[in-house]
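Visitor: After the C-alpha coordinates below, expect a handful of questions from me.
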Amino acid sequence: MHNVFSSAEAARSCKTGELTVRRCDSCGFAWNAAFDPDRIVYGPGYDNAQGYSPQFQTHLDQRIDAIFAAFPGEKPVNIIEVGAGQGDFLKRMQARAGHRIGRAVGFDPAWRGSDGERIDDGKSFDDGKSFDKGKGGEIRMYRRIFDGEAASIAAEIDADLVLSRHVIEHVSEPMDFLRAIRAGIVGRPATRLFLETPDIDWIIRNGAFEDFFYEHCSIFNPASMATALRAAGYGDVAVTTVFGDQYLWAMARFAKDDAQPGEPKPATPAEAFSTQTLVSEWQGRIDAWREAGGKVVLWGAGAKGMTFAQIVDPTGGRIAAIVDMNPGKQGKFIGVTGHAVVTPEALHAIAPTHIVIMNPVYAPEIRAMLAANAIPASLLTLHEDLT
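Taking this note's numbering, the leading residue of the sequence shown gets 2, the next gets one more, and so forth.
Right, dumping it as C-alpha coordinates:
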(Lines of atoms letter the chains of each structure in order from A; the text may use other names.)
(Lines give C-alpha, C1' and ligand atoms only; values in the text may rest on other atoms or scores of the structure.)
Protein backbone atom coordinates (compact mmCIF):
# COMPACT_ATOMS: atom_id res chain seq x y z
CA MET A 2 0.00 0.00 0.00
CA HIS A 3 2.97 2.32 0.44
CA ASN A 4 4.32 1.57 -3.02
CA VAL A 5 4.28 4.41 -5.52
CA PHE A 6 4.97 4.21 -9.23
CA SER A 7 6.75 6.33 -11.81
CA SER A 8 3.81 6.36 -14.22
CA ALA A 9 0.03 6.17 -14.01
CA GLU A 10 0.09 3.18 -16.37
CA ALA A 11 2.41 1.20 -14.11
CA ALA A 12 0.33 2.16 -11.08
CA ARG A 13 -2.91 0.92 -12.65
CA SER A 14 -1.37 -2.46 -13.51
CA CYS A 15 -0.02 -3.21 -10.02
CA LYS A 16 -0.94 -6.41 -8.21
CA THR A 17 -3.87 -6.43 -5.80
CA GLY A 18 -5.11 -8.76 -3.09
CA GLU A 19 -8.33 -9.67 -1.31
CA LEU A 20 -9.22 -8.09 2.02
CA THR A 21 -11.52 -10.09 4.29
CA VAL A 22 -11.32 -8.74 7.84
CA ARG A 23 -12.35 -10.99 10.72
CA ARG A 24 -12.39 -10.12 14.43
CA CYS A 25 -12.26 -12.29 17.54
CA ASP A 26 -15.33 -11.75 19.72
CA SER A 27 -13.34 -12.74 22.80
CA CYS A 28 -10.12 -10.69 22.72
CA GLY A 29 -10.78 -8.15 19.95
CA PHE A 30 -7.88 -9.13 17.66
CA ALA A 31 -8.58 -8.59 13.94
CA TRP A 32 -6.95 -10.16 10.90
CA ASN A 33 -7.24 -10.46 7.13
CA ALA A 34 -8.46 -14.00 6.56
CA ALA A 35 -7.57 -13.76 2.85
CA PHE A 36 -3.99 -12.56 3.38
CA ASP A 37 -1.28 -14.11 1.20
CA PRO A 38 2.25 -13.05 2.23
CA ASP A 39 3.59 -13.96 -1.20
CA ARG A 40 1.67 -11.02 -2.66
CA ILE A 41 3.58 -8.50 -0.57
CA VAL A 42 6.73 -6.99 -2.05
CA TYR A 43 8.70 -4.50 0.02
CA GLY A 44 10.64 -3.25 -2.99
CA PRO A 45 12.45 -0.01 -3.86
CA GLY A 46 9.15 1.80 -4.38
CA TYR A 47 7.92 1.01 -0.87
CA ASP A 48 8.00 4.24 1.11
CA ASN A 49 6.40 4.47 4.55
CA ALA A 50 8.32 7.51 5.80
CA GLN A 51 6.14 9.89 7.84
CA GLY A 52 8.77 12.11 9.39
CA TYR A 53 8.12 15.09 7.10
CA SER A 54 5.23 16.25 9.26
CA PRO A 55 6.05 18.42 12.31
CA GLN A 56 3.19 16.75 14.16
CA PHE A 57 4.61 13.30 13.50
CA GLN A 58 8.11 14.47 14.42
CA THR A 59 6.71 15.51 17.80
CA HIS A 60 5.18 12.06 18.18
CA LEU A 61 8.51 10.40 17.37
CA ASP A 62 10.30 12.52 19.95
CA GLN A 63 7.69 11.63 22.56
CA ARG A 64 8.28 7.93 21.88
CA ILE A 65 12.04 8.38 22.15
CA ASP A 66 11.64 10.18 25.47
CA ALA A 67 9.34 7.42 26.74
CA ILE A 68 11.90 4.77 25.81
CA PHE A 69 14.81 6.42 27.58
CA ALA A 70 12.62 7.27 30.59
CA ALA A 71 12.39 3.52 31.18
CA PHE A 72 16.15 3.50 31.78
CA PRO A 73 16.88 5.95 34.64
CA GLY A 74 20.26 7.59 34.81
CA GLU A 75 22.66 8.36 32.01
CA LYS A 76 24.15 4.95 31.32
CA PRO A 77 24.20 4.18 27.56
CA VAL A 78 21.86 1.43 26.40
CA ASN A 79 22.23 -1.02 23.53
CA ILE A 80 19.34 -1.07 21.06
CA ILE A 81 17.93 -3.47 18.48
CA GLU A 82 15.22 -2.30 16.10
CA VAL A 83 13.24 -4.96 14.26
CA GLY A 84 11.77 -3.47 11.09
CA ALA A 85 14.00 -0.40 11.10
CA GLY A 86 13.21 0.77 7.57
CA GLN A 87 16.05 3.06 6.50
CA GLY A 88 17.23 3.61 10.06
CA ASP A 89 15.39 6.91 10.43
CA PHE A 90 14.09 6.28 13.95
CA LEU A 91 17.49 5.10 15.18
CA LYS A 92 19.11 8.18 13.69
CA ARG A 93 16.49 10.37 15.36
CA MET A 94 17.19 8.66 18.68
CA GLN A 95 20.87 9.37 18.13
CA ALA A 96 20.25 13.04 17.32
CA ARG A 97 17.95 13.54 20.32
CA ALA A 98 19.81 11.53 22.96
CA GLY A 99 22.96 10.16 21.39
CA HIS A 100 24.79 10.05 24.72
CA ARG A 101 22.26 7.42 25.86
CA ILE A 102 23.07 5.04 22.99
CA GLY A 103 25.82 2.46 23.32
CA ARG A 104 25.34 0.38 20.18
CA ALA A 105 22.32 0.23 17.87
CA VAL A 106 21.49 -2.40 15.27
CA GLY A 107 18.55 -2.31 12.85
CA PHE A 108 17.11 -5.09 10.71
CA ASP A 109 14.83 -4.59 7.71
CA PRO A 110 14.46 -6.45 4.39
CA ALA A 111 13.78 -3.11 2.68
CA TRP A 112 17.05 -1.49 3.82
CA ARG A 113 18.53 0.23 0.77
CA GLY A 114 22.02 0.99 2.00
CA SER A 115 23.46 4.17 3.41
CA ASP A 116 23.40 5.86 0.01
CA GLY A 117 19.81 4.79 -0.63
CA GLU A 118 20.75 2.40 -3.42
CA ARG A 119 20.30 -1.36 -3.64
CA ILE A 120 22.25 -3.63 -5.98
CA ASP A 121 20.84 -6.42 -8.12
CA ASP A 122 21.78 -9.38 -5.94
CA GLY A 123 19.33 -8.10 -3.33
CA LYS A 124 21.94 -7.15 -0.73
CA SER A 125 23.19 -3.73 0.11
CA PHE A 126 26.92 -3.38 -0.47
CA ASP A 127 27.34 -1.97 3.03
CA ASP A 128 25.13 -4.46 4.85
CA GLY A 129 26.26 -4.38 8.46
CA LYS A 130 28.58 -1.44 7.96
CA SER A 131 28.47 1.33 10.53
CA PHE A 132 26.79 4.06 8.51
CA ASP A 133 26.25 6.74 11.12
CA LYS A 134 28.49 7.29 14.13
CA GLY A 135 27.11 10.79 14.67
CA LYS A 136 26.55 11.88 18.26
CA GLY A 137 26.82 8.88 20.53
CA GLY A 138 27.09 5.20 19.67
CA GLU A 139 27.25 3.77 16.20
CA ILE A 140 24.31 2.46 14.18
CA ARG A 141 24.53 -0.64 12.01
CA MET A 142 21.85 -1.75 9.56
CA TYR A 143 21.26 -5.19 8.06
CA ARG A 144 19.00 -6.00 5.13
CA ARG A 145 17.17 -9.03 6.45
CA ILE A 146 14.23 -10.08 8.57
CA PHE A 147 14.82 -10.89 12.23
CA ASP A 148 15.68 -14.55 11.71
CA GLY A 149 18.26 -16.91 13.21
CA GLU A 150 21.16 -15.18 11.49
CA ALA A 151 19.91 -11.80 12.67
CA ALA A 152 19.58 -13.16 16.20
CA SER A 153 23.24 -14.20 16.10
CA ILE A 154 24.20 -10.66 15.16
CA ALA A 155 21.92 -9.23 17.83
CA ALA A 156 23.41 -11.49 20.50
CA GLU A 157 26.74 -9.72 20.12
CA ILE A 158 25.49 -6.39 21.44
CA ASP A 159 23.83 -7.41 24.74
CA ALA A 160 20.62 -5.53 23.99
CA ASP A 161 18.99 -3.51 26.74
CA LEU A 162 15.95 -2.83 24.60
CA VAL A 163 14.27 -4.14 21.47
CA LEU A 164 11.88 -1.87 19.63
CA SER A 165 9.60 -2.59 16.70
CA ARG A 166 7.35 0.13 15.34
CA HIS A 167 4.59 -0.63 12.86
CA VAL A 168 5.84 -4.08 11.97
CA ILE A 169 3.69 -6.63 13.79
CA GLU A 170 0.57 -5.55 11.88
CA HIS A 171 2.33 -6.72 8.70
CA VAL A 172 3.01 -10.21 10.12
CA SER A 173 0.50 -12.96 9.42
CA GLU A 174 1.72 -15.05 12.39
CA PRO A 175 2.22 -12.42 15.10
CA MET A 176 2.71 -14.94 17.92
CA ASP A 177 5.61 -16.52 16.04
CA PHE A 178 7.03 -13.03 15.55
CA LEU A 179 6.86 -12.19 19.26
CA ARG A 180 8.35 -15.54 20.26
CA ALA A 181 11.16 -15.21 17.71
CA ILE A 182 12.19 -11.85 19.14
CA ARG A 183 12.21 -13.24 22.67
CA ALA A 184 14.13 -16.35 21.60
CA GLY A 185 16.72 -14.21 19.84
CA ILE A 186 17.67 -12.35 23.01
CA VAL A 187 19.04 -15.08 25.26
CA GLY A 188 19.95 -14.71 28.91
CA ARG A 189 18.84 -11.09 29.35
CA PRO A 190 15.52 -11.14 31.27
CA ALA A 191 15.77 -7.43 32.06
CA THR A 192 15.73 -6.48 28.37
CA ARG A 193 12.69 -4.38 27.52
CA LEU A 194 10.46 -4.60 24.46
CA PHE A 195 8.66 -1.59 22.96
CA LEU A 196 6.03 -2.05 20.24
CA GLU A 197 3.91 0.46 18.33
CA THR A 198 1.03 -0.66 16.13
CA PRO A 199 -2.46 0.53 15.07
CA ASP A 200 -5.40 0.08 17.44
CA ILE A 201 -8.35 -1.79 15.94
CA ASP A 202 -10.66 -0.29 18.57
CA TRP A 203 -9.92 3.24 17.27
CA ILE A 204 -10.54 2.11 13.68
CA ILE A 205 -13.94 0.64 14.47
CA ARG A 206 -14.95 3.40 16.87
CA ASN A 207 -14.32 6.00 14.15
CA GLY A 208 -15.70 4.05 11.20
CA ALA A 209 -12.26 4.39 9.60
CA PHE A 210 -12.67 2.07 6.62
CA GLU A 211 -9.59 3.69 5.07
CA ASP A 212 -7.49 2.05 7.80
CA PHE A 213 -8.13 -1.46 6.50
CA PHE A 214 -5.58 -2.35 3.85
CA TYR A 215 -3.86 -5.45 2.60
CA GLU A 216 -0.49 -5.21 4.35
CA HIS A 217 -2.13 -4.86 7.76
CA CYS A 218 -3.07 -8.49 8.27
CA SER A 219 -2.89 -8.51 12.10
CA ILE A 220 -4.47 -5.66 14.07
CA PHE A 221 -4.60 -5.57 17.88
CA ASN A 222 -6.45 -3.68 20.57
CA PRO A 223 -5.04 -3.14 24.09
CA ALA A 224 -6.53 -6.35 25.49
CA SER A 225 -5.39 -8.62 22.67
CA MET A 226 -1.91 -7.08 22.58
CA ALA A 227 -1.42 -7.64 26.32
CA THR A 228 -2.71 -11.20 26.00
CA ALA A 229 -0.39 -11.95 23.08
CA LEU A 230 2.69 -10.59 24.84
CA ARG A 231 2.05 -12.63 27.99
CA ALA A 232 1.30 -15.75 25.96
CA ALA A 233 4.60 -15.26 24.10
CA GLY A 234 6.49 -15.27 27.39
CA TYR A 235 6.90 -11.59 28.20
CA GLY A 236 6.24 -10.06 31.61
CA ASP A 237 5.55 -6.68 33.20
CA VAL A 238 3.27 -5.88 30.25
CA ALA A 239 1.73 -2.43 29.85
CA VAL A 240 -0.27 -1.20 26.87
CA THR A 241 -1.51 2.33 26.29
CA THR A 242 -2.65 4.42 23.32
CA VAL A 243 -0.76 7.28 21.65
CA PHE A 244 -0.99 9.56 18.59
CA GLY A 245 -4.57 10.63 19.13
CA ASP A 246 -5.39 7.11 20.35
CA GLN A 247 -4.74 5.71 16.85
CA TYR A 248 -1.73 3.63 17.92
CA LEU A 249 -1.00 1.15 20.67
CA TRP A 250 2.23 1.59 22.62
CA ALA A 251 3.19 -1.65 24.34
CA MET A 252 6.01 -2.15 26.85
CA ALA A 253 7.18 -5.43 28.34
CA ARG A 254 10.17 -7.23 29.83
CA PHE A 255 11.74 -10.38 28.46
CA ALA A 256 11.35 -11.97 31.91
CA LYS A 257 8.18 -14.02 32.09
CA ASP A 258 5.52 -13.24 34.69
CA ASP A 259 4.99 -15.90 37.32
CA ALA A 260 1.28 -15.71 36.61
CA GLN A 261 0.26 -17.49 33.43
CA PRO A 262 -2.10 -15.67 31.06
CA GLY A 263 -5.67 -16.69 31.61
CA GLU A 264 -8.61 -16.53 29.29
CA PRO A 265 -8.78 -13.13 27.57
CA LYS A 266 -11.42 -10.78 28.82
CA PRO A 267 -14.22 -10.10 26.36
CA ALA A 268 -13.52 -7.12 24.17
CA THR A 269 -15.58 -4.03 24.76
CA PRO A 270 -18.25 -4.12 22.04
CA ALA A 271 -17.70 -1.51 19.35
CA GLU A 272 -20.48 -0.23 17.17
CA ALA A 273 -20.31 -1.90 13.79
CA PHE A 274 -20.24 0.21 10.67
CA SER A 275 -21.10 -0.44 7.05
CA THR A 276 -18.17 0.24 4.76
CA GLN A 277 -20.45 0.36 1.74
CA THR A 278 -22.67 2.98 3.38
CA LEU A 279 -19.70 5.19 4.24
CA VAL A 280 -18.20 4.80 0.77
CA SER A 281 -21.51 5.66 -0.90
CA GLU A 282 -21.87 8.73 1.30
CA TRP A 283 -18.41 9.99 0.33
CA GLN A 284 -18.97 9.29 -3.34
CA GLY A 285 -22.22 11.22 -3.23
CA ARG A 286 -20.62 14.12 -1.39
CA ILE A 287 -17.71 14.40 -3.84
CA ASP A 288 -20.01 14.06 -6.84
CA ALA A 289 -22.17 16.91 -5.52
CA TRP A 290 -19.14 19.15 -5.10
CA ARG A 291 -17.96 18.39 -8.61
CA GLU A 292 -21.39 18.97 -10.13
CA ALA A 293 -21.33 22.40 -8.49
CA GLY A 294 -18.03 23.15 -10.23
CA GLY A 295 -15.78 22.04 -7.40
CA LYS A 296 -12.50 20.18 -7.42
CA VAL A 297 -11.43 17.74 -4.70
CA VAL A 298 -7.98 16.69 -3.54
CA LEU A 299 -6.88 14.43 -0.70
CA TRP A 300 -4.11 15.28 1.73
CA GLY A 301 -2.03 12.23 2.58
CA ALA A 302 -0.72 9.61 0.15
CA GLY A 303 0.02 7.06 2.84
CA ALA A 304 -2.00 3.91 3.33
CA LYS A 305 -5.11 5.83 4.46
CA GLY A 306 -5.13 8.07 1.40
CA MET A 307 -4.38 5.26 -1.01
CA THR A 308 -7.12 3.08 0.45
CA PHE A 309 -9.66 5.92 0.42
CA ALA A 310 -8.86 6.77 -3.21
CA GLN A 311 -8.98 3.15 -4.34
CA ILE A 312 -12.35 2.52 -2.71
CA VAL A 313 -14.09 5.86 -3.25
CA ASP A 314 -12.60 6.68 -6.66
CA PRO A 315 -11.51 3.41 -8.31
CA THR A 316 -11.57 4.87 -11.84
CA GLY A 317 -9.75 8.08 -10.92
CA GLY A 318 -12.47 10.50 -12.00
CA ARG A 319 -13.55 12.04 -8.69
CA ILE A 320 -10.31 13.07 -7.00
CA ALA A 321 -8.00 15.50 -8.81
CA ALA A 322 -4.78 14.62 -6.94
CA ILE A 323 -3.30 13.60 -3.60
CA VAL A 324 -1.00 15.93 -1.67
CA ASP A 325 1.88 14.52 0.36
CA MET A 326 4.83 16.03 2.22
CA ASN A 327 7.11 13.08 1.45
CA PRO A 328 9.47 14.04 -1.42
CA GLY A 329 9.88 10.36 -2.26
CA LYS A 330 6.21 10.16 -3.25
CA GLN A 331 5.84 13.51 -4.98
CA GLY A 332 5.68 13.23 -8.74
CA LYS A 333 4.71 9.55 -8.48
CA PHE A 334 1.38 7.72 -8.77
CA ILE A 335 -0.52 5.50 -6.34
CA GLY A 336 -1.37 1.92 -7.16
CA VAL A 337 -4.59 0.75 -8.85
CA THR A 338 -6.12 4.18 -9.54
CA GLY A 339 -3.07 6.05 -10.82
CA HIS A 340 -3.84 9.24 -8.89
CA ALA A 341 -0.93 11.67 -9.02
CA VAL A 342 0.91 12.57 -5.80
CA VAL A 343 1.72 16.28 -5.74
CA THR A 344 3.49 18.83 -3.56
CA PRO A 345 1.56 21.30 -1.39
CA GLU A 346 2.79 24.04 -3.75
CA ALA A 347 0.95 22.38 -6.63
CA LEU A 348 -2.36 23.33 -5.01
CA HIS A 349 -2.06 26.83 -6.46
CA ALA A 350 -2.30 25.39 -9.98
CA ILE A 351 -4.92 22.76 -9.12
CA ALA A 352 -7.11 25.30 -7.28
CA PRO A 353 -9.16 22.79 -5.26
CA THR A 354 -12.41 23.81 -3.65
CA HIS A 355 -12.28 20.98 -1.10
CA ILE A 356 -9.34 19.29 0.62
CA VAL A 357 -10.04 16.08 2.53
CA ILE A 358 -7.41 15.29 5.19
CA MET A 359 -6.81 11.58 5.61
CA ASN A 360 -5.50 11.74 9.19
CA PRO A 361 -7.17 14.20 11.59
CA VAL A 362 -4.03 14.43 13.74
CA TYR A 363 -2.40 16.52 11.01
CA ALA A 364 -5.33 18.92 10.57
CA PRO A 365 -3.92 21.86 12.61
CA GLU A 366 -0.60 21.97 10.77
CA ILE A 367 -2.28 21.57 7.37
CA ARG A 368 -4.76 24.34 8.11
CA ALA A 369 -1.88 26.65 9.11
CA MET A 370 0.03 25.78 5.95
CA LEU A 371 -2.96 26.50 3.71
CA ALA A 372 -3.62 29.81 5.45
CA ALA A 373 0.02 30.85 5.09
CA ASN A 374 -0.10 30.09 1.37
CA ALA A 375 -3.51 31.72 0.77
CA ILE A 376 -5.22 28.58 -0.49
CA PRO A 377 -8.95 29.16 0.16
CA ALA A 378 -10.25 25.59 -0.09
CA SER A 379 -12.77 24.11 2.32
CA LEU A 380 -10.97 21.76 4.69
CA LEU A 381 -12.40 18.48 5.99
CA THR A 382 -11.27 15.34 7.74
CA LEU A 383 -13.06 12.09 7.10
CA HIS A 384 -15.16 12.70 10.19
CA GLU A 385 -15.42 16.47 10.54
CA ASP A 386 -15.91 19.63 8.47
CA LEU A 387 -13.19 22.05 9.59
CA THR A 388 -14.40 25.14 7.72
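Beta carbons are placed, not taken as given, at the ideal position from N, Cα and C, and that holds for glycine.
Predicted, not measured: the structure shown is a model, and the values here were computed from it.
Work out the CA separation of THR354 and MET176 for me, nearest whole Å.
Guide: Here residue 176 corresponds to residue number 175 of the sequence shown, with the count starting at 1. Here residue 354 corresponds to residue number 353 of the sequence shown, with the count starting at 1. Between MET176 and THR354, the C-alpha separation is close to 47 Å.
Visitor: Within this structure, are the beta carbons of ILE367 and ILE376 separated by less than 8 Å?
Guide: On the sequence shown, position 366 is the one that residue 367 refers to. On the sequence shown, position 375 is the one that residue 376 refers to. For ILE367 and ILE376, no; Cβs fall outside 8 Å.
Visitor: Could you tell me the boundaries of the alpha helix (DSSP H) in which HIS60 lies?
Guide: Stepping through the sequence shown from its first residue, residue 60 is reached at position 59. Run containing HIS60: 55-70, per the alpha helix (DSSP H) assignment.
Visitor: If GLU19 and ALA31 are in contact, beta carbons under 8 Å, what's the gap, nearest whole angstrom?
Guide: Counting from one through the sequence shown, the residue named residue 19 turns up at place 18. Counting from one through the sequence shown, the residue named residue 31 turns up at place 30. Not quite, the Cβ-Cβ distance comes to about 15 Å (not below 8 Å), so this is no contact.
Visitor: Grouping DSSP H, G and I as helix and E and B as strand, with all else coil, what is VAL337?
Guide: Walking along the sequence shown from the start, residue 337 turns up at place 336. Coil at VAL337, not helix or strand.
Visitor: Could you tell me which residues DSSP puts in a beta bridge with TYR235?
Guide: The residue given as residue 235 occupies position 234 in the sequence shown. Answer is none; TYR235 lacks a bridge partner.
Visitor: Indicate the three-state DSSP secondary structure (helix, strand or coil) for PHE90 in the structure shown.
Guide: Residue mapping note: residue 90 aligns to position 89 of the sequence shown, counting from 1. In the structure shown, PHE90 sits in a helix (DSSP, three-state: H, G or I).
Visitor: With DSSP collapsed to three states, give me the class of SER165.
Guide: Within the sequence shown, the letter at position 164 stands for residue 165. SER165 falls in the strand class under three-state DSSP.
Visitor: The alpha helix (DSSP H) that contains TRP300, what's its start and end?
Guide: Sequence index remark: in the sequence shown, residue 300 carries index 299 (1-based). Unbroken run through TRP300 is the beta strand (DSSP E), 297-300; no alpha helix (DSSP H).
Visitor: The beta strand (DSSP E) with PRO379 in it runs from where to where?
Guide: Numbered from 1 along the sequence shown, position 378 holds the residue referred to as residue 379. Residue identity check: residue 379 is Ser in the sequence provided, not Pro. Residues 379-382.
Visitor: Out of GLY188, VAL187, HIS217, PHE309, which one is the CA nearest neighbour of ILE201?
Guide: Reading the sequence shown from its first residue, position 200 is the one you call residue 201. Among GLY188, VAL187, HIS217, PHE309, the Cα nearest to that of ILE201 is on HIS217.
Visitor: Short check: CB of MET307 to CB of GLY336, under 8 Å?
Guide: Along the sequence shown, read from residue 1 onward, the residue named residue 307 stands at position 306. Along the sequence shown, read from residue 1 onward, the residue named residue 336 stands at position 335. Yes, the pair counts as a contact, with Cβ atoms nearer than the cut-off.
Visitor: Count the other CB atoms, across all protein chains shown, that sit within 10 Å of the CB of GLU10; report buried if there are 16 or more and exposed otherwise.
Guide: Within the sequence shown, residue 10 is the residue found at index 9, counting from 1. Its Cβ having fewer than 16 others within 10 Å, GLU10 is exposed.
Visitor: For LYS16, count neighbouring Cβ atoms within 10 angstroms of its own Cβ and tell me buried if that reaches 16, exposed if not.
Guide: For the purposes of this step, residue 16 is taken as the residue at position 15 of the sequence shown. LYS16 should be labelled exposed.
Visitor: Nearest to LEU196 by alpha carbon, out of MET226, PHE213, TYR215, ILE287?
Guide: Indexing the sequence shown from 1 puts residue 196 at position 195. The candidate whose alpha carbon is nearest that of LEU196 is MET226.
Visitor: Does the beta-carbon of SER219 have 16 or more other beta-carbons within 10 angstroms, so that it is buried, or is it exposed?
Guide: Numbered from its first residue, the sequence shown carries residue 219 at position 218. The residue in question, SER219, is buried, as its Cβ has 16 or more Cβ neighbours within 10 Å.
Visitor: Hey, how far is the Cα of ALA70 from the Cα of ASP237?
Guide: In the sequence shown, counting from the first residue as 1, residue 70 sits at position 69. In the sequence shown, counting from the first residue as 1, residue 237 sits at position 236. Cα to Cα, the separation comes out at about 16 Å.
Visitor: Taking the CB atoms as reference points, tell me whether GLY114 and GLY88 lie closer together than 8 Å.
Guide: By 1-based counting over the sequence shown, the position of residue 114 is 113. By 1-based counting over the sequence shown, the position of residue 88 is 87. It is not a contact, given that the beta carbons lie outside the stated cut-off.
Visitor: One question on the structure: do ILE351 and ALA321 come within less than 8 Å of each other, judged by their Cβ atoms?
Guide: Residue mapping note: residue 351 aligns to position 350 of the sequence shown, counting from 1. Residue mapping note: residue 321 aligns to position 320 of the sequence shown, counting from 1. It is a contact, given that the beta carbons lie within the stated cut-off.
Visitor: How about GLU139 and ARG104: are their beta carbons less than 8 Å apart?
Guide: In the sequence shown, the residue the question calls residue 139 occupies position 138. In the sequence shown, the residue the question calls residue 104 occupies position 103. Yes; because the gap between Cβ atoms is below 8 Å, this pair is in contact.
Visitor: Beta carbon of ASN222, beta carbon of HIS384: below 8 Å?
Guide: As a working note, residue 222 is residue 221 in the sequence shown. As a working note, residue 384 is residue 383 in the sequence shown. Their beta carbons are not under 8 Å apart, which means ASN222 does not touch HIS384 by this criterion.
Visitor: Excluding the 5 residues preceding and the 5 following VAL163 in the sequence, name in chain order all residues of the same chain whose CB lies nearer than 7 Å to its CB.
Guide: Here residue 163 corresponds to residue number 162 of the sequence shown, with the count starting at 1. For VAL163, where only same-chain residues beyond five positions count, the Cβ hits under 7 Å are ILE81, VAL83, ILE182, ILE186, THR192, LEU194.
Visitor: What are the boundary residues of the beta strand (DSSP E) that includes GLY329?
Guide: Along the sequence shown, read from residue 1 onward, the residue named residue 329 stands at position 328. No beta strand (DSSP E) contains GLY329, which DSSP labels as neither H nor E.
Visitor: If you count every other CB in all the chains shown that lies within 10 Å of the CB of PRO270, and 16 or more means buried, which is it?
Guide: The residue given as residue 270 occupies position 269 in the sequence shown. With a pLDDT of 43 at PRO270, under the threshold of 50, the modelled position of that residue is not reliable, and no figure is offered here.
Visitor: Rounded to whole angstroms, what is the Cα-Cα separation between LYS257 and PRO361?
Guide: Within the sequence shown, the letter at position 256 stands for residue 257. Within the sequence shown, the letter at position 360 stands for residue 361. Whole-angstrom Cα-Cα distance: 38 Å.
Visitor: How many Å lie between ILE312 and LYS330 at the Cα?
Guide: By 1-based counting over the sequence shown, the position of residue 312 is 311. By 1-based counting over the sequence shown, the position of residue 330 is 329. Roughly 20 Å separates the two Cα atoms.
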